[in-house]
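Q:
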Amino acid sequence: MSAPAACAPPVPHVARGSAAYRKISLALFLAGFGTFSLIYCVQPLLPLLAEEFHVGAAQSSLALSLTTGALAFAIFAAAAVSERFGRRALMFASIGLASLLNLAVAVTPGWHAILALRAAEGVAIGGVPAIAIAYLAEEIEPAGLGFAMGLYIAGTALGGMSGRVLTGILAEFLTWRFAVGIVGLAGLVLALGFVLLLPPSQHFTPRKGFDLRYHLRAWLSHFGREKPGGVPAKPLLFAIAFCGFGSFVTVYNYAGFRLMAPPFDLGPTQTSLIFTVYLFGTLSSSLGGMAADRVGRAPVLIAGLLTMAAGIGLTFLPSLVGIIAGIAVLTSGQFACHAVASGWVGRLGGTSKGHAASLYMLAYYLGASIVGSTGGWFWSAGGWPAVVGFTLVLIVLAIGGAAGLMRHERGERLAR
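Going by the UniProt record's numbering, the first residue of the sequence shown is number 1, and it counts up by one from there.
Structure, rendered in structure tokens:
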């Protein structure tokens with residue numbers, strides 16, 4: 001006679017190397033690829049948009065900053081909605097709707113209407129990043145979480161690279177509208193592959209109804225100090241995400257303006273091909289996740305931030321080779337940091353991992369939006385030296401936060 005359902009053993013977490021682990025990893029890789037290609041497909045087009053619609057560098061950057069800003073706040077709502085309806089369905093709907101909105105951008109004539117659609121696209125995409133982190137933290141065994149998170153981040157790196165490179169090339173030989181439309185169609189295909197691969201959640205139970213007080217308590221609970229070491233670990237991770245990713249997006253936003261101006265005078269295709277250095281991010285995200293599993297998260301995080309600082313410094317060199325090398329080094333450091341920090345937030349999230357992940361992604365994308373647009377004023381006022389100085393200050397602040405996390409991790413080890 002079988003045991004009652006209530007006495008059934010708990011479903012084990014997915015182990016690294018299993019068929020389920022491979023399907024989950026590939027599905028989340030596709031999700032990261034699709035969403036980031038949609039977000040960043042406009043980045044190499046910013047100089048073209050500024051020229052066509054007669055706006056400045058800071059104003060043209062709104063085509064990206066409004067998307068990331070709307071995404072930051074949409075993540076909050078998405079985390080709450082996923083508690084009611086589940087992770088898988090919401091992520092699928094998000095990728096599909098964002099792809100359709102990208103198609104709408106391609107055929108919309110007015111600048112302000114394009115900005116409105118890009119903001120709406122950010123709202124739609126909000127159903128993926130935080131929920132993907134929560135899904136992995138819930139379903140994957142702790143020993144394999146770092147590598148799986150690294151693969152997801154690798155997907156975001158490849159997606160961001162592909163969106164940038166594809167639109168840059170197509171915009172030069174056809175039109176920027178055609179390029180944006182192609183990315184939208186690709187997103188629909190990736191959404192289908194995602195939903196066919198991803199298994200339903202086994203360690204998540206949807207909540208009945210919507211309890212605002214529950215969600216507020218869950219969000220606020222992540223701003224306290226962690227007992228091992230007495231360090232506000234999650235708030236420090238949020239601050240690092242804001243400063244680190246904000247600096248990264250700022251460099252990418254205005255590198256195109258620098259490279260398409262004298263003395264380099266590169267075209268859209270040549271400029272977009274520089275974004276192939278995102279491949280370094282694909283590698284470093286996986287390596288960063290594995291290194292964190294072995295030697296600790298804080299040391300890898302500090303190493304990644306120092307790498308970012310070195311990359312930003314290299315872009316100050318007055319040579320194309322130096323700029324490309326700097327962007328490659330910056331990209332490697334950023335994706336290693338993101339793989340470590342996002343996985344760490346999921347691990348510290350306790351029973352409200354989705355809420356913790358949403359706060360992390362809020363800080364991450366607010367950094368992209370606020371710092372990314374603010375960088376335009378530095379570019380206009382002082383050129384590339386001002387951009388370098390601005391972003392290095394933010395990286396130094398992030399390193400200070402990571403140093404505080406060393407104490408927390410030391411306390412965790414002593415508490416074992």
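For each residue, glycine too, the CB sits at the ideal point set by N, CA and C.
Enumerate in chain order the residues of its own chain whose CB-to-CB distance from ALA5 is below 7 Å, with the five nearest sequence positions on each side excluded.
A: Indexing the sequence shown from 1 puts residue 5 at position 5. Residue placement at ALA5 cannot be trusted, given a pLDDT of 46 that sits under 50; what the coordinates show is reported in the next sentence. Nothing meets the Cβ criterion.
Q: With three or more beta-carbon pairs closer than 8 Å as the criterion, would you say the stretch 266–283 touches the stretch 169–177?
A: Contact between the stretch 266–283 and the stretch 169–177 is present: 3 or more CB-CB pairs across the two stretches fall below 8 Å.
Q: Given ILE324, which residues of its chain have a CB within under 6 Å of its CB, disregarding the five upstream and five downstream residues?
A: Within the sequence shown, the letter at position 324 stands for residue 324. Around ILE324: ILE274.
Q: Applying the criterion that 16 or more other CB atoms from any shown protein chain within 10 Å of the CB defines a buried residue, is SER342 buried or exposed?
A: What you label residue 342 is simply residue 342 of the sequence shown in a count that begins at 1. Label assigned to SER342: buried.
Q: Give a yes or no on whether the C-beta atoms belonging to TYR152 and SER25 are separated by under 9 Å.
A: For the purposes of this step, residue 152 is taken as residue 152 along the sequence shown, with counting starting at 1. For the purposes of this step, residue 25 is taken as residue 25 along the sequence shown, with counting starting at 1. The answer is yes: Cβ separation under 9 Å.
Q: Measuring straight from C-alpha to C-alpha, what distance separates ALA381 and GLU52?
A: Working through the sequence shown from its first residue, we reach residue 381 at position 381. Working through the sequence shown from its first residue, we reach residue 52 at position 52. So the two alpha carbons sit approximately 22 Å from each other.
Q: For PRO12, which residues of its own chain have a beta-carbon under 7 Å away from its beta-carbon, when the five flanking residues on both sides are left out?
A: The sequence position of residue 12 within the sequence shown is 12, counting from 1. Excluding positions up to five away in sequence, the list is empty.
Q: Measuring straight from C-alpha to C-alpha, what distance separates ALA363 and ALA241?
A: The residue you call residue 363 lines up with position 363 of the sequence shown. The residue you call residue 241 lines up with position 241 of the sequence shown. Approximately 6 Å, taken between the alpha carbons.
Q: Can you name, in chain order, every residue of its own chain whose Cβ lies under 7 Å from the Cβ of residue 458, other than the five neighbours on each side?
A: Limits of the chain in this structure are 1 at one end and 416 at the other, which puts residue 458 out of reach.
Q: Between the Cα of TYR21 and those of THR156, PHE178, THR68 and GLN202, spot the shortest distance and give me the residue it belongs to.
A: As a working note, residue 21 is residue 21 in the sequence shown. Out of THR156, PHE178, THR68 and GLN202, GLN202 has the C-alpha closest to the C-alpha of TYR21.
Q: Using only the alpha-carbon positions, how far apart do SER358 and LEU236 sit?
A: Translated into positions along the sequence shown, residue 358 becomes position 358. Translated into positions along the sequence shown, residue 236 becomes position 236. Distance between the alpha carbons of SER358 and LEU236: 15 Å.
Q: Go to THR121, then tell me how far its alpha helix (DSSP H) extends in each direction, as first and last residue.
A: If you number the sequence shown from 1, residue 121 lands on position 121. Looking at the sequence provided, one finds Glu at residue 121 rather than Thr. Counting along the chain, the alpha helix (DSSP H) containing GLU121 begins and ends at 111–125.
Q: Just verifying my parser: in three-state terms, what is the DSSP assignment at ASP265?
A: Reading the sequence shown from its first residue, position 265 is the one you call residue 265. The answer is coil: DSSP assigns ASP265 none of H, G, I, E or B.
Q: How big is the Cα-Cα spacing for residue 429 and GLY333?
A: As displayed, the chain neither begins before 1 nor continues past 416, which places residue 429 out of reach and without an answer.
Q: My understanding is that VAL251 touches GLY288, with C-beta atoms under 8 Å, so please give their C-beta distance in whole angstroms.
A: Against the sequence shown, residue 251 aligns to sequence position 251. Against the sequence shown, residue 288 aligns to sequence position 288. That pair is no contact at about 19 Å.
Q: Assuming GLY184 contacts ASN102 (C-beta within less than 8 Å), just tell me the rounded distance between them.
A: Taking the first residue of the sequence shown as 1, we reach residue 184 at position 184. Taking the first residue of the sequence shown as 1, we reach residue 102 at position 102. In this structure, GLY184 and ASN102 form a Cβ contact; the two beta carbons are roughly 3 Å apart against a cut-off of 8 Å.
Q: Give the secondary structure of GLY307 by DSSP, where H, G and I count as helix, E and B as strand, and everything else as coil.
A: Taking the first residue of the sequence shown as 1, we reach residue 307 at position 307. Note that residue 307 corresponds to Thr in the displayed sequence, not to Gly. DSSP places THR307 in helix when its eight states are reduced to three.
Q: One question on the structure: do LEU45 and GLY122 come within less than 9 Å of each other, judged by their Cβ atoms?
A: Position 45 of the sequence shown, counted from the first residue, corresponds to residue 45. Position 122 of the sequence shown, counted from the first residue, corresponds to residue 122. No, these two residues do not count as a Cβ contact at 9 Å.
Q: Using 8 Å as the Cβ pair cut-off and three pairs as the minimum, do the stretch 365–383 and the stretch 306–320 touch?
A: Result no; under three Cβ-Cβ pairs closer than 8 Å.
Q: Figure out for me which residue from GLN43, LEU66, PHE29 and VAL189 has the closest Cα to the Cα of VAL165.
A: Within the sequence shown, numbered from 1, the residue matching residue 165 stands at position 165. For VAL165, the nearest C-alpha among the options comes from GLN43.
Q: Just how far apart, CA to CA, sit MET1 and ALA403?
A: Translated into the one-based positions of the sequence shown, residue 1 becomes position 1. Translated into the one-based positions of the sequence shown, residue 403 becomes position 403. Unreliable placement is indicated for MET1, whose pLDDT of 42 sits below 50; the coordinate value is still reported in the next sentence. Using only the alpha carbons, I get a separation of about 57 Å.
Q: How about ILE140 and MET91: are their beta carbons less than 9 Å apart?
A: Counting from one through the sequence shown, the residue named residue 140 turns up at place 140. Counting from one through the sequence shown, the residue named residue 91 turns up at place 91. No, the pair does not count as a contact, with Cβ atoms beyond the cut-off.
Q: Starting from HIS338, trace the alpha helix (DSSP H) both ways and give me its first and last residue.
A: The sequence position of residue 338 within the sequence shown is 338, counting from 1. Looking at the DSSP string, the run of the alpha helix (DSSP H) that includes HIS338 is 320–348.
Q: If you drop the 5 nearest sequence neighbours on each side, which residues of the same chain put their C-beta closer than 7 Å to that of THR108?
A: For this step, residue 108 is matched to residue 108 along the sequence shown. Around THR108: ILE114 and LEU117.
Q: Going by DSSP in three states, MET406 sits in which element: helix, strand or coil?
A: The count along the sequence shown starts at 1 and reaches residue 406 at position 406. Helix at MET406.
Q: For MET161, which residues of its own chain have a beta-carbon under 7 Å away from its beta-carbon, when the five flanking residues on both sides are left out?
A: Counted from its first residue, the sequence shown places residue 161 at position 161. Excluding sequence neighbours, MET161 sits near PHE275, THR276, TYR278 and LEU279.
Q: Taking GLY96 as the reference, give the member of GLY193, ILE75 and ALA143 with the closest Cα.
A: Along the sequence shown, read from residue 1 onward, the residue named residue 96 stands at position 96. It is GLY193.
Q: Quick one: what's got a C-beta closer than 6 Å to VAL249's C-beta in the same chain, skipping five residues either side?
A: Mapped onto the sequence shown, residue 249 falls at position 249. Same-chain partners within the cutoff: ALA368 and GLY372.
Q: Go to ILE182, then tell me how far its alpha helix (DSSP H) extends in each direction, as first and last residue.
A: Working through the sequence shown from its first residue, we reach residue 182 at position 182. Segment 176–197, the alpha helix (DSSP H) holding ILE182.
Q: If GLY311 sits next to VAL329, beta carbons under 8 Å apart, how far is it from one beta carbon to the other, in whole angstroms?
A: Here the question's residue 311 lines up with position 311 in the sequence shown. Here the question's residue 329 lines up with position 329 in the sequence shown. Right, the Cβ-Cβ distance comes to about 3 Å (below 8 Å), so this counts as a contact.
Q: For SER61, which option in PHE390, VAL393 and GLY376 has the closest C-alpha, if you only look at C-alpha atoms?
A: What you label residue 61 is simply residue 61 of the sequence shown in a count that begins at 1. The shortest C-alpha separation from SER61 is found at GLY376.
Q: Mind pulling the beta strand (DSSP E) runs of 3 or more residues that sit fully within the stretch 234–305?
A: With a minimum length of 3 residues, no continuous beta strand (DSSP E) run stays inside the stretch 234–305.
Q: Tell me the DSSP secondary structure of THR108 in three-state form.
A: Reading the sequence shown from its first residue, position 108 is the one you call residue 108. Three-state result, THR108: coil.
Q: Does the distance from the CB of ALA124 to the CB of ALA98 come in under 9 Å?
A: For this step, residue 124 is matched to residue 124 along the sequence shown. For this step, residue 98 is matched to residue 98 along the sequence shown. In this structure, ALA98 lies closer than 9 Å to ALA124 by Cβ.
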